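> From first to last, the protein sequence lines stand for chains A and B. Numbering-wise (the working numbering), the first sequence opens with residue 1 and increments by one. Numbering-wise (the working numbering), the second sequence opens with residue 1001 and increments by one.
There are 2 protein chains.
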Amino acid sequence: MQNRGVPHTTTSPAQRVPGRDRPAVRPALDRGRGLLGPALALIHSGRAPTRSVLTSELAVTRATAGAIAAELEALGLVAVDPRPSGSGRGRPSHRLAVAPGGPVVLAAQLHADGFSVALAGLGGTLGEPVDRPLPRTADPEEVLRAVAEAGARLVAASPRRCLGAALAVPTPVTDSGGRALAAMYLDWPSGTPVRDLFAAAVAGALPGLPTAVANDANLAALAEHRHGAGCGARHLLYVTSGHRGVGGALVVDGRLHTGSDGLALEVGQLTVDPGGRPCPCGRRGCLDVEADPPALLAAAGVTPGPAEPLLEAARAVVRAASHDPVARAAVDRVVECLGAGLAGMVNILNPDRIVLGGIHLDLLAAAPERLPAVVAERCLWGRSAGVPVLPAALERPDLTGAAELAWQPFLDDPQSTAAG
Amino acid sequence: MQNRGVPHTTTSPAQRVPGRDRPAVRPALDRGRGLLGPALALIHSGRAPTRSVLTSELAVTRATAGAIAAELEALGLVAVDPRPSGSGRGRPSHRLAVAPGGPVVLAAQLHADGFSVALAGLGGTLGEPVDRPLPRTADPEEVLRAVAEAGARLVAASPRRCLGAALAVPTPVTDSGGRALAAMYLDWPSGTPVRDLFAAAVAGALPGLPTAVANDANLAALAEHRHGAGCGARHLLYVTSGHRGVGGALVVDGRLHTGSDGLALEVGQLTVDPGGRPCPCGRRGCLDVEADPPALLAAAGVTPGPAEPLLEAARAVVRAASHDPVARAAVDRVVECLGAGLAGMVNILNPDRIVLGGIHLDLLAAAPERLPAVVAERCLWGRSAGVPVLPAALERPDLTGAAELAWQPFLDDPQSTAAG
DNA sequence: TGCATTTGTGCCGCTACTCAACAAAATACC
DNA sequence: GGTATTTTGTTGAGTAGCGGCACAAATGCA
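(1) Could you check where the alpha helix (DSSP H) with Q408(A) kicks off and where it finishes?
(2) Could you name the residues of chain B that G344(A) contacts, counting a contact when the two beta carbons are closer than 9 Å?
(3) What does DSSP give as the partner residues of A108(A) in its beta bridges?
(4) Closer than 6 Å by C-beta to L361(A): which residues in its own chain qualify, once you throw out the five before and the five after it? Chain order, please.
(5) If contact is defined by three or more beta carbon pairs under 8 Å, each pair taking one atom from either stretch, is the segment 1306-1323 of chain B in contact with the segment 1202-1210 of chain B?
(6) For A402(A), return the contacting residues in chain B, with the cut-off set at a CB-CB distance below 7 Å.
(7) Can you give the beta carbon distance from P1103(B) to H1094(B), rounded, assuming they're within the 8 Å contact cut?
(8) Inspect the beta-carbon positions of D292(A) and S241(A) and report whether they are closer than 7 Å.
(9) Of all the options G305(A), A300(A), L338(A), V289(A), which has the alpha carbon lying nearest to the alpha carbon of L326(A)?
(10) What span of residues does the beta strand (DSSP E) with D1081(B) cover, start to end?
(11) Given a limit of 9 Å on CB to CB distance, which residues of the segment 1224-1237 of chain B reach chain A?
(12) Comparing the C-beta of E1057(B) with each C-beta of chain A, is any distance below 7 Å?
(13) Between which two residues does the alpha helix (DSSP H) carrying D288(A) extend?
(14) How is L1390(B) classed by DSSP in three states: helix, strand or coil?
(15) Flag S1045(B) as yes if its beta-carbon sits less than 7 Å from any beta-carbon of chain A, otherwise no.
(16) For L349(A) versus L186(A), is the C-beta spacing smaller than 7 Å?
(17) List in chain order: all unbroken beta strand (DSSP E) runs of 3+ residues lying wholly within the segment 1192-1230 of chain B.
(18) Could you tell me which uninterrupted beta strand (DSSP E) segments, each at least 3 residues in length, are contained entirely in the segment 133-188 of chain A, listed from first to last along the chain?
(19) Return the bridge partner residues of D131(A) from the DSSP annotation.
(20) Looking at the secondary structure, which residues open and close the alpha helix (DSSP H) in which T1064(B) lies?
(21) Would DSSP call V335(A) helix, strand or coil?
(22) Measure the C-alpha to C-alpha separation of N1218(B) and A1059(B) and round it to an integer number of angstroms.
(23) Give me the Cα-Cα distance between E1290(B) and A1330(B), rounded to the nearest whole angstrom.
(24) Secondary structure at P38(A), three-state DSSP: helix, strand or coil?
(25) Using a Cβ-Cβ cutoff of 9 Å, what residues of the segment 1188-1215 of chain B are near chain A? List them in chain order.
(26) Going by the CB atoms, is the gap between H225(A) and L209(A) shorter than 7 Å?
(27) Against chain A, which members of the segment 1242-1268 of chain B pass a CB distance test of less than 9 Å?
(28) If we ignore side chains and look at the alpha-carbon of each, how far apart do R1277(B) and E1336(B) end up?
(29) Can you give me, in chain order, the residues of the segment 1388-1418 of chain B that have a beta carbon less than 8 Å from any beta carbon in chain A?
(30) Should D1292(B) be listed as close to the ligand FAD, given that the test is whether its C-beta is under 6 Å from any heavy atom?
(31) What are the boundary residues of the beta strand (DSSP E) that G1247(B) is part of?
(32) From what residue to what residue does the beta strand (DSSP E) around R353(A) run?
(33) What are the start and end residues of the alpha helix (DSSP H) that includes T1055(B)?
(34) Within a Cβ cutoff of 8 Å, which residues of the same chain sit near A295(A), ignoring the five residues on either side of it in sequence?
(35) Could you name the residues of chain A that D1292(B) contacts, counting a contact when the two beta carbons are closer than 9 Å?
(36) Answer yes or no: do L1394(B) and A1221(B) have a C-beta to C-beta separation smaller than 7 Å?
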């Protein structure tokens, strides 16, 4: 690209040469970057295993695809393997893959039971995650410092260059201020500036690293879209429940739909059973209290131990449903509620695929026919739509999603990986 | 642009010259078209009144903006007026406006009481609309032929070149097949291929004209976003009810969010009052039966005359609310239901603006404090979100929206206006 | 052993921009 | 009223990114 020299050289009016003139606005730096980003995204998510597929996916000439692949290889991000790629007539195409020793990002996650960190390269593969309990304090600053330090140890132990860090948190995060609105499991006050606090913590442990923070369900959706059950979907609705309440996320054309301030897909307030259980919001039968692990436990009459994770206790109920009629009835009831909630979302969002995580994944496995049927029945154009409902496919969707978030700037502009 | 010659010259293998070679895929034709489209869109929606604003909105250099403006002027789409544009220091910028004698499109609309057609230039201004009752037959082919013929008369009477035609229909339309799913007011069977039928009708009356068909609420939302109360919103939620049922639409970053098959924003099935009126869907208290004109009439105990449009009758109830306690109570009740429905959408979509049309516009005028308050109360992050709720600003939003739809291909690629 | 088919590559050209310098048109200040 | 300052329009040179083309390479099939 053109040499733009040093930006923002504060030329005071006095010392300014008369004939000298600067553009009214700094032209958008991200224009003309062209197809490098889309190409890397295709290889990253495994949708371009060969150069010829890349050519057709990008809708460019073979010459252009070759130049792009060569540049990504020069950046150390992609490995081009000229060995034949197997069957078919004609000359076999070169294989494209993520460069094995390429840069990594630091993915981190806060959840009800602790925190996790892992390194992640391109391609959606995680390194061995480190899981730790939360420090006894609830002070966000201290928690995030512990996360950053655990991450820094991972980074120091790896020979690969680290380009960024991102954190998944179990609360909505505002786009504008990066504030956590309802970090219930963490006992944080509403409005905690988690984005800034994480940035500060990482700046202490790993200076210079760009950071980002987002909601865990949103990130899991992104991960499922790129590397899991949502791969290839144009409009992916992801719904999950791992502890209390129900989280949703929507991926449209490969991008998260976070709404105007990151608060979209707060689906827990959908009414799914007008005569149902009371909800903290004041009404009855909200999805939040009818389709999460506590709802399933309550319907089955099970009281979990105080130290037992709610998700594990609820999974036990689903497993018991194969022989225990009480558990079966509980599962059936929650499946009806979940289906009604999903139908409500489908009427508004019209996704072409639904992926379920958390306890919903188990419920789908226990009612693989009934759950999609409920959705279709209660959905306005059920028969014409017929949305497929799939189980999530990733082992650690939240961590993988955090990695996606950290990778995003470099997927948008692969050249910038060279800067660090 | 490059000369691509005649497309699809079916070179049979036999007659193919050995050294001759065609690209694996036809490269995307719309790449490299650059900023002409965005520039025209800015001028079209009034967001670039001068060349200097265009420069900063496009984030290009003055030279580029000048070249773009000159090209749009050469295409006969934009008028550049070099006269000064008023106040401020420095040299005044040239004014940019839609060319007065430029091309037009044909906008058409089917509604409960008839059909309308109008010509529309760039800039969102409609010519005088022609309103007609529906032919006595319910045969879609015949209805659409009448529409096309009325349109053809308008086109013939105008000296301006017509580039395309689009139709707004009061039913969801599938993206894939262009089929009407629930044209209740028109007595059309579900699945009527309205896109193809309209194309055929227009081909008969105005050969060669490109056509398009979409849902009326969606198009009204698009129109409000570009020329009305939604101008400048990033995520615009539009909700309206002109006859029976409630229609919604979402505009994200200037594009309609139609979902994977055009069926998004079917918001009528949201439960807003669990103990409310029965709905054809089998449940109670759906938005469709609680916040449309018949709901308001029923709450007020009014039975409209058989020939009276439902919207007008409902408007009379809202007007009566200032002095009639029964009407006031009816309005209050429907306002609560509408607010609950809007809150449900806000929780899922997190728009930064809501615009109301149809009877909802009157309800907002009658309860300008209460309606936004209900939304905020029932919305999960009400206080932090505080979504503004505004009345629609256009006189004929559906027709204006149909014009937007017809213009869209030319806004995306202004060069193609020269082809016709 | 050819031949059709598919892919990789180098070279040329075009397009849509940026950059840089200058000219023009207004306001602000003395 | 004249001059400096600010903002804008204009022109010409330069360039990144991509398409078009011709040819070479690598496979399967007859």
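Here a beta-carbon is modelled for each residue, glycine too, at the ideal position from N, C-alpha and C. Fair warning: this is a prediction, and the values are worked out from it, not measured in the lab.
According to the data block:
(1) 397-412
(2) Residues of chain B whose Cβ lies closer than 9 Å to the Cβ of G344(A) are, in chain order, Q1269, L1270, T1271, G1344, I1348.
(3) V117(A), L167(A)
(4) P391, A392
(5) no
(6) Under the 7 Å cutoff, chain B gives no residues; its nearest Cβ is about 21 Å from A402(A).
(7) Contact flag wrong, Cβ pair sits at about 22 Å.
(8) Here D292(A) is near S241(A), since their CB atoms are less than 7 Å apart.
(9) The displayed chain sequence assigns Val, not Leu, to residue 326(A). When only C-alpha atoms are compared, the closest one is A300(A).
(10) Segment 1078-1081, the beta strand (DSSP E) holding D1081(B).
(11) A1233, R1234, H1235
(12) no
(13) 287-290
(14) In this structure, L1390(B) counts as strand in the three-state DSSP scheme.
(15) Taking Cβ atoms only, chain A never reaches closer than 7 Å to S1045(B), which makes this a no.
(16) no
(17) 1211-1215
(18) 162-169
(19) S116(A)
(20) 1062-1074
(21) helix
(22) Take the alpha-carbon of N1218(B) and the one of A1059(B): they are about 30 Å apart.
(23) 11 Å
(24) helix
(25) S1190, G1191
(26) Contact flag unset, no.
(27) Under the 9 Å Cβ criterion, the segment 1242-1268 of chain B contributes G1248, L1250, V1252, H1257, T1258, G1259, S1260, D1261, G1262, L1263, A1264, L1265, E1266, V1267, G1268.
(28) 14 Å
(29) none
(30) Questions concerning the ligand FAD fall outside what the structure shown contains, since it holds no ligand whatsoever.
(31) G1247(B) -> beta strand (DSSP E) spans 1247-1252.
(32) R353(A): member of the beta strand (DSSP E) spanning 353-356, first to last residue.
(33) 1051-1058
(34) R277, V289, V334, C337
(35) None at all; the shortest Cβ gap to chain A is about 15 Å.
(36) no
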